[in-house]
Structure formats: C-alpha cells, structure tokens
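Report on the following structure.
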Amino acid sequence: MTTLHVISHSPFGDNRLASCLRLLGTDDAILLCGDAVYALRAGTAPQQLLQTARLQHRLFALAEDAQARAIDSTLAEAVDYPAFVELSLRFDKVNSWL
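Given below as structure tokens:
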C-alpha cells in the first residue's frame, strides 16, 4: 500500500522528517509544505538527509510555501494546490505528520 507522507513542521524543531524517512516505503512519497520546506535549504543537515535518501520523483514541495520562504531547490518537485490534490488521489493513503 503506497503512502503520501505530508510534513508541515520545520525540520529544525523535531525529528519528524528523520522518522518519516526511516519508515518510508520504496513506493511512498513525501510532500513538504509550510515550514517543512526549510528542509530544502542548501547546506543544512535536513537537506543532506533528503539528498542521501534518493527520493527522485518522490519528493514534492508546495510551491506557494517554498516561494513564501524564498526556498529555491531542484531537490523537490514544486507542486501547486491542484497537483497536491492529484498526489493525494494517486496514493493509497495520506499520512500527515502532525
């Protein structure tokens, strides 16, 4: 069963991102939104964690949130709200890391 993991909290305040990566299945994906897009900031430990996780075509970031925080990264595919809904429908489950 595939899962879209949605993370919205800053990666600098807790270990949600690291926990998610440990549980991530081979067909699962991650969507970063809100302050979680700070994980894409170059030269940070969360960004290195995401790079080593090899998430090509499985890491997404809400474009509006990245733009609001001046985050410009090619590590994640930027998606708008309609694409977020489409992603939610593509996976069997959606898990929000509250």
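Heads up: the sequence shown is residues 5 to 102, going by our numbering. Here a beta-carbon is modelled for each residue, glycine too, at the ideal position from N, C-alpha and C.
Notebook entry, point to check: Considering only the beta carbon of each residue, do LEU63 and LEU54 sit closer than 9 Å?
Noted result: Yes, they are a contact pair.
Checklist line | With 16 other Cβ atoms within 10 Å as the buried cut-off, status of ASP32 | finding: Under this definition ASP32 is a buried residue.
Notebook entry, point to check: Can you tell which of GLY47, PHE88, LEU93 and ASP96 has the C-alpha that lies nearest to the C-alpha of ILE75?
Noted result: GLY47
Next item on the list: Note down the Cα distance separating HIS9 from GLN60, rounded to an integer number of angstroms.
Entry: Those two C-alpha atoms are separated by around 15 Å.
Check: In or out: ARG27 buried (at least 16 other Cβ within 10 Å) or exposed?
Finding: Contrary to the premise, residue 27 reads as Leu rather than Arg in this sequence. Flag for LEU27 reads exposed.
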